[in-house]
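Some notes on the structure that comes next.
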Amino acid sequence: MRIARLIVKAGLHDRMWCPVQCKVAADAALDLDKVALWDKTDGVALPVQAWREEDGQVSVAWVIPSMVAEETREFELQAVEGCCAPKLTDGVRLEQVAPGKLKVFVGGKHFTTYNYGEQVVHPYLYPVLAADGVGVTRNWPMIEGVAGESNDHPHHKGIYTAQDAINGNQNWGEGEGHGWQVHKGFARTFSGPVAGGFTSKLDWTDHDKNVYMTETRRVTFYLTPQDGRIFDYEVTLHASEGALTIGDTKEGGLISARMASSIEAERENGGIIETGSGGKCQGKDEQETWGKRAPWCDYSGPVADGWYGICLMDHLTNPRFPTYWHVRAYGLMTANCFGLHDFYGDPNIRGDMDIPAGESRTWRYRVMIHHGDATTSNAALHFESFNYPPSVEVRYH
């Protein structure tokens with residue numbers, strides 16, 4: 000039985016593995032585990048995920064494999080019985096595998112693990128695996144003795160959030176006097192045929208565990224093809240304990256990644272840094288990329304027998320979009336919109352940000368794990384889909 004027709008317009012951009020979402024009106028008795036989505040253009044079934052909102056409407060999410068600019072494509076949402084439901088691949092599944100470890104599977108394969116135990120200074124995602132199982136982030140210090148790995152900056156762990164100089168606190172490194180991000184619990188974890196994720200509540204504290212700020216971290220992982228992985232990473236900082244000043248320093252990143260050592264741009268036969276503003280770094284010369292503004296930053300290079308990378312994408316609603324990039328030839332890549340006096344080399348150019356007591360600020364990012372470099376992985380196209388998604392019109396006739 001048809002529930003609705005969903006008319007998707009690509010707009011001015013090509014689309015590739017693009018997450019989309021809309022709301023539909025549906026009977027309260029509808030079993031949301033028994034819905035199917037058909038691409039009427041190609042006649043194929045696509046994975047679909049549906050859930051009921053507080054207003055009674057049903058939200059529907061799916062991933063569009065491809066569209067060309069100006070294309071219109073029709074999808075049909077149906078209520079189906081078990082015997083009629085299309086047989087589709089595994090979606091996204093989260094599994095608590097041990098205290099302080101939440102494992103994420105995409106398409107039945109381990110993608111990453113969220114590490115947040117009591118001894119973890121800053122919760123982080125590690126390992127981060129490409130679709131074929133190759134790790135794209137550094138193993139050290141979680142695993143020692145891996146041949147050829149660098150062992151600088153032990154606080155650079157996988158993909159994570161950390162920021163120094165918030166009300167004078169040290170919450171970037173793990174040296175003497177460092178602060179903590181204390182995991183207080185999950186407000187939500189979910190799995191599904193299209194997406195899965197978690198919402199984590201954290202206290203930011205000084206070294207003695209005195210809370211000076213709270214954070215809500217929301218991460219959503221999407222079912223994507225065999226040559227890529229996509230997830231959204233949202234950070235909301237709450238001035239819950241009083242007014243905040245995020246100080247001007249390069250030592251931080253609201254989203255940060257430490258690349259696999261073989262990808263480091265400064266290595267012989269290493270990788271390349273490329274940004275959405277045209278900057279590049281291949282070797283030790285960082286002048287086009289370090290401390291520069293860009294809508295996205297991609298870091299790719301050789302791992303095992305292939306070429307792999309991570310692309311971090313800023314969102315146009317974020318404070319100070321496009322962000323500055325604290326991205327280094329030795330393998331670090333962070334989005335940092337605060338360290339202006341460092342980036343410009345001028346103490347009079349300041350990047351401090353105040354958050355009044357009781358207020359919050361939110362930053363959204365999209366992360367793509369990919370084969371190839373920024374061009375072959377279509378980094379610019381994925382940035383466009385993140386910031387300028389296709390439109391969806393719901394029709395009931």
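In terms of numbering that gives the first Met the number 0, the sequence shown opens at residue 0 and continues consecutively. Note that beta-carbon positions come from the ideal geometry of N, C-alpha and C, so glycine has one too. It should be emphasised that the depicted structure is a prediction, and the values quoted were computed from it without experimental measurement.
Beta-carbon spacing of residue i, residue j below 8 Å
i	j	result
Val34	Ala78	yes
Val119	Ile63	no
Ser199	Arg92	no
Ala293	Gly282	no
Val181	Thr204	yes
Ala259	Thr361	no
Ser255	Gly308	no
Leu314	Tyr364	Sequence inspection shows His at residue 314; the Leu mentioned does not correspond to that position. Taking 8 Å as the Cβ cut-off, His314 and Tyr364 qualify as a contacting pair.
Arg257	His155	yes
Gly246	Asp351	yes
Met66	Pro389	yes
Leu31	Arg51	yes
Ala192	Gly42	Here residue 192 turns out to be Pro, not Ala, going by the sequence shown. Not in contact: Pro192 and Gly42 (Cβ atoms no closer than 8 Å).
Lys8	Thr71	yes
Gly157	Val133	no
Ile262	Gly251	no
Option nearest residue i by Cα separation, candidates the options
i	options	result
Trp289	Ala328, Asn268, Gly305, Gly269	Ala328
His177	Thr188, Ala186, Gln162	Gln162
Gly278	Gly191, Thr375, Ala60, Val326	Val326
Phe197	Glu143, His206, Ala44, Arg187	Arg187
Leu124	Ser261, Asp231, Met0	Asp231
Asp226	Cys280, Trp16, Asp341, Arg51	Trp16
Arg349	Thr374, Arg319, Arg257, Ala373	Arg319
Thr322	Leu311, Leu29, Ala334, Thr316	Ala334
Gly147	Pro301, Glu53, Asn347	Pro301
Lys39	Phe385, Cys280, Ile6	Ile6
Cys296	Thr316, Asn268, Gly269, Gly330	Gly330
Glu392	Glu73, Gly42, Arg51	Glu73
Ser384	Ala27, His121, His396, Leu11	Leu11
Lys108	Gly174, Pro153, Ala130, Lys208	Ala130
Ile354	Pro153, Ile165, Val145, Pro126	Ile165
Asn317	Cys336, Cys310, Trp306, Ser299	Cys336
Asp54	Leu45, Trp37, Ala27, Pro46	Ala27
Val366	Leu311, Ser276, Gln286	Leu311
Trp61	Ala68, Leu36, Glu80	Leu36
Leu236	Tyr221, Asp202, His381, Trp324	Asp202
Ala25	Asp13, Arg14, Ala44, Ala49	Ala49
N-terminal and C-terminal residue of the alpha helix (DSSP H) that residue i is part of
i	result
Asp341	339-343
His381	378-386
Assigned secondary structure, residue i (DSSP; H/G/I helix, E/B strand, else coil)
i	result
Ala194	strand
Ile2	strand
Ser390	strand
Ile262	helix
Gly230	Checking the displayed sequence, the identity of residue 230 turns out to be Phe instead of Gly. If DSSP states are grouped into helix, strand and coil, Phe230 belongs with the strands.
Ser149	coil
Met141	coil
Lys100	strand
Phe320	coil
Leu29	coil
Gly300	strand
Ala238	coil
Arg257	strand
Ser199	strand
Ala49	strand
Tyr123	strand
Glu175	coil
Thr204	strand
Trp289	coil
Asn168	strand
Lys8	strand
Lys279	strand
Delimiting residues of the beta strand (DSSP E) encompassing residue i
i	result
Phe189	179-189
Trp306	305-313
Arg360	359-370
Glu214	210-221
Glu273	271-274
Residues bridged to residue i (per DSSP)
i	result
Asp37	Reading off the sequence shown, one finds Trp at residue 37, where the question assumed Asp. In DSSP, Trp37 forms a bridge with Ala44, Glu75.
Cys401	It is not possible to answer for residue 401, since the shown part of the chain is limited to 0 through 396.
Arg65	Checking the sequence, you will find Ser at residue 65 rather than Arg. According to DSSP, which records beta bridges pairwise, Ser65 is partnered with Met15.
Asn335	Asn335 pairs with nothing; no bridge assigned.
Asp353	Thr244
Val91	Val105, Gly191
Ala161	Gly252
Asn347	Looking at the DSSP assignment, Asn347 forms no beta bridge with any residue, so it has no partner.
His325	Thr333
Asn114	Lys100, Tyr123
Gly134	Leu128
Distance cut-off 7 Å: residue i Cβ against heavy atoms of the ligand ZN
i	result
Arg216	The model depicted lacks the ligand ZN and carries no ligand whatsoever.
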